[in-house]
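Please read the structure below before turning to the comments.
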Amino acid sequence: MFSSLVDGIDFIIPPWPEFITSSYRYFRQDEKHVTRVCKSFVLLFMLERTLYFTEDGHDISVKAGEWYIQVPGLRQEGRRGSPAPSYYYIHFKALACPAGCNGNEDKTMNKGYFTLPVRGKFDAGQFKPLFDQLEYISKRRPYDILGKQAVFLSILDNLMCMEWFSSFGRNDFLVEVMDYLAENFNKPVTSADLARKFNFSADYIARKMKQYSGITPNRRIQQLKIEKAKQLLANTDHTLAFIAQEVGYNDLSVFYKAFRKQTGIAPGKWRQKNRI
2 MFSSLVDGID FIIPPWPEFI TSSYRYFRQD EKHVTRVCKS FVLLFMLERT
52 LYFTEDGHDI SVKAGEWYIQ VPGLRQEGRR GSPAPSYYYI HFKALACPAG
102 CNGNEDKTMN KGYFTLPVRG KFDAGQFKPL FDQLEYISKR RPYDILGKQA
152 VFLSILDNLM CMEWFSSFGR NDFLVEVMDY LAENFNKPVT SADLARKFNF
202 SADYIARKMK QYSGITPNRR IQQLKIEKAK QLLANTDHTL AFIAQEVGYN
252 DLSVFYKAFR KQTGIAPGKW RQKNRI
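All you need for our numbering is the position in the sequence shown, starting with 1, plus 1.
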């Protein structure tokens with residue numbers, strides 16, 4: 002549950018966001034939004050005209066071509082009528098918190114997460130076929146739980162990619178930074194190295210990466226190291242010392258602590274549980 006209005010949401014995985022229900026909604030002229038405190042997230046895609054409501058006492062308007070996420074725990078109320086809007090809504094549940102909550106990385110770095118703003122713009126031509134597909138499955142094949150979940154996740158994926166590319170389109174150098182980190186994570190890359198290579202200050206690079214990807218360069222390097230270590234642990238018989246060196250840790254004890262911090266268990270135990 003959320004206690005106040007937020008600008009963005011960190012969805013923590015696992016578990017994946019879970020579809021509950023969805024449908025098209027057509028308001029009558031001057032009809033008001035229902036008054037409620039919802040226990041689930043409600044994702045709105047406005048197709049025609051404008052929907053008015055309040056959330057946590059704040060006036061909200063969602064226009065045609067915009068999407069909006071109503072969050073659980075906040076009171077939503079229709080204090081004024083809306084001009085006959087039509088929209089598609091999706092109720093879903095998820096493990097989530099206000100954007101930036103993953104700053105407490107000791108608790109969350111053993112999980113993945115993605116971040117979405119609470120509102121944005123969408124292309125109805127791109128999304129309506131997905132709405133229709135979800136509507137068809139829900140009405141004609143209600144037993145197809147996996148089918149409904151798959152389409153729902155595809156909708157979220159489209160939203161996330163749209164926001165990602167929109168953000169990085171204005172900051173092309175960040176794509177280069179991410180590629181550089183992926184290629185050099187097992188080398189001693191420092192903030193100063195990034196600043197020299199990309200001609201931006203280290204603080205600027207860190208701030209922009211945090212803003213658009215939810216993570217700093219140093220934390221991304223640590224993620225990449227541990228991801229590679231997991232691959233080697235699961236698929237090879239290499240010793241822990243060899244794997245530590247391979248992913249860029251010269252000290253086995255440092256590798257051990259970093260791995261345990263991100264996964265919650267020691268690398269040897271992780272290998273036993275995940276051996277392919």
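Beta carbons are placed, not taken as given, at the ideal position from N, Cα and C, and that holds for glycine.
If you're wondering where the values come from, they're calculated on a predicted model, not measured in any experiment.
Just how far apart, CA to CA, sit Q263 and D133? By 1-based counting over the sequence shown, the position of residue 263 is 262. By 1-based counting over the sequence shown, the position of residue 133 is 132. Going from the Cα of Q263 to the Cα of D133 covers about 40 Å.
Classify A151 as helix, strand or coil using the three-state DSSP reduction. As a working mapping, residue 151 is identified with position 150 in the sequence shown. If DSSP states are grouped into helix, strand and coil, A151 belongs with the helices.
Could you tell me the alpha carbon to alpha carbon distance between H59 and W271, rounded to whole angstroms? Counting from 1 along the sequence shown, the entry for residue 59 is found at position 58. Counting from 1 along the sequence shown, the entry for residue 271 is found at position 270. Approximately 47 Å, taken between the alpha carbons.
Assign S41 to one of three DSSP states: helix, strand, or coil. Here residue 41 is taken as the residue at index 40 of the sequence shown, counted from 1. S41 falls in the coil class under three-state DSSP.
How would you write the range of the alpha helix (DSSP H) that W271 sits in, first residue to last? Residue mapping note: residue 271 aligns to position 270 of the sequence shown, counting from 1. Run containing W271: P268 to N275, per the alpha helix (DSSP H) assignment.
For R76, which residues of its own chain have a beta-carbon under 6 Å away from its beta-carbon, when the five flanking residues on both sides are left out? By 1-based counting over the sequence shown, the position of residue 76 is 75. So the qualifying residues of the chain are V38.
Between which residues of its own chain and R120 is the CB-CB distance below 8 Å, once the five residues before and five after are set aside? Numbered from 1 along the sequence shown, position 119 holds the residue referred to as residue 120. Counting only Cβ-Cβ distances below 8 Å, and skipping sequence neighbours, we find V63, E67, W68, Y69 and I70.
When DSSP labels each residue in this structure, what does P86 get in the three-state scheme? Within the sequence shown, numbered from 1, the residue matching residue 86 stands at position 85. Here P86 sits in coil by DSSP.
If we require 4 or more residues per run, which alpha helix (DSSP H) segments fall completely within the segment 181 to 242? 192 to 199, 203 to 214 and 218 to 236
Closest by C-alpha distance to A151, when choosing among M161, K209, L131 and M163: Indexing the sequence shown from 1 puts residue 151 at position 150. Here the closest residue by C-alpha is L131.
In angstroms, rounded to a whole number, what distance separates the CA positions of M110 and T217? Taking the first residue of the sequence shown as 1, we reach residue 110 at position 109. Taking the first residue of the sequence shown as 1, we reach residue 217 at position 216. Unreliable placement is indicated for M110, whose pLDDT of 41 sits below 50; no coordinate value is reported for it.
Whole angstroms is fine: what's the gap from I13's alpha carbon to A97's? By one-based count along the sequence shown, residue 13 stands at place 12. By one-based count along the sequence shown, residue 97 stands at place 96. Each residue's Cα considered, the two are about 6 Å apart.
For A95, which three-state DSSP category applies? Here residue 95 refers to the residue found at position 94 of the sequence shown. Residue state, collapsed to three classes: coil.
From the DSSP output, which residues share a beta bridge with R1? Outside the displayed span of the chain (2 to 277) sits residue 1, for which this structure offers no information.
As assigned by DSSP and simplified to three states, the class of Y53: As a working note, residue 53 is residue 52 in the sequence shown. Reduced to three states, the DSSP call for Y53 is strand.
Does the separation of the CB atoms of V255 and M210 fall below 8 Å? As a first step, residue 255 must be located in the sequence shown, where it is residue number 254. As a first step, residue 210 must be located in the sequence shown, where it is residue number 209. In this structure, M210 does not lie closer than 8 Å to V255 by Cβ.
Pull up the distance between the alpha-carbon of Q224 and that of P15, whole angstroms please. Translated into positions along the sequence shown, residue 224 becomes position 223. Translated into positions along the sequence shown, residue 15 becomes position 14. In a straight line, the C-alpha of Q224 is about 16 Å away from that of P15.
Using 8 Å as the Cβ pair cut-off and three pairs as the minimum, do the segment 235 to 250 and the segment 191 to 199 touch? no
Nearest-angstrom Cα distance between D8 and T116? Numbered from its first residue, the sequence shown carries residue 8 at position 7. Numbered from its first residue, the sequence shown carries residue 116 at position 115. When rounded, the distance between both Cα atoms is 11 Å.
Which same chain residues, not among the five before or five after E32, have their C-beta less than 7 Å away from its C-beta? Taking the sequence shown and counting its residues from 1, the one referred to as residue 32 is at position 31. Same-chain partners within the cutoff: G82 and S83.
For I222, count the other beta carbons within 10 Å of its own beta carbon; 16 or more makes it buried, fewer makes it exposed. Which is it? Translated into positions along the sequence shown, residue 222 becomes position 221. Burial call: buried.
DSSP on K33, reduced to helix/strand/coil? For the purposes of this step, residue 33 is identified with residue 32 of the sequence shown, where counting begins at 1. Here K33 sits in coil by DSSP.
Here's the rule I'm using: 16 or more other beta-carbon atoms within 10 Å means buried, otherwise exposed. How should A245 be labelled? Locating residue 245 in the sequence shown gives position 244, where the first residue counts as 1. Classification for A245: buried.
Simplified DSSP assignment, three categories, for S139: Here residue 139 is taken as the residue at index 138 of the sequence shown, counted from 1. Here S139 sits in helix by DSSP.
Run of the beta strand (DSSP E) containing V7, from where it starts to where it stops: Here residue 7 corresponds to residue number 6 of the sequence shown, with the count starting at 1. Counting along the chain, V7 falls outside any beta strand (DSSP E), and DSSP gives it neither H nor E.
Taking Cβ to Cβ, would you say P73 is nearer than 8 Å to K40? Counted from its first residue, the sequence shown places residue 73 at position 72. Counted from its first residue, the sequence shown places residue 40 at position 39. Cβ distance < 8 Å, so P73 and K40 count as in contact.
How about S87 and L147: do their beta carbons lie closer than 8 Å? Locating residue 87 in the sequence shown gives position 86, where the first residue counts as 1. Locating residue 147 in the sequence shown gives position 146, where the first residue counts as 1. No, the pair does not count as a contact, with Cβ atoms beyond the cut-off.
Taking the straight line between their C-alpha atoms, what separation do you get for R50 and S4? Working through the sequence shown from its first residue, we reach residue 50 at position 49. Working through the sequence shown from its first residue, we reach residue 4 at position 3. Taking the straight line from one Cα to the other gives about 29 Å.
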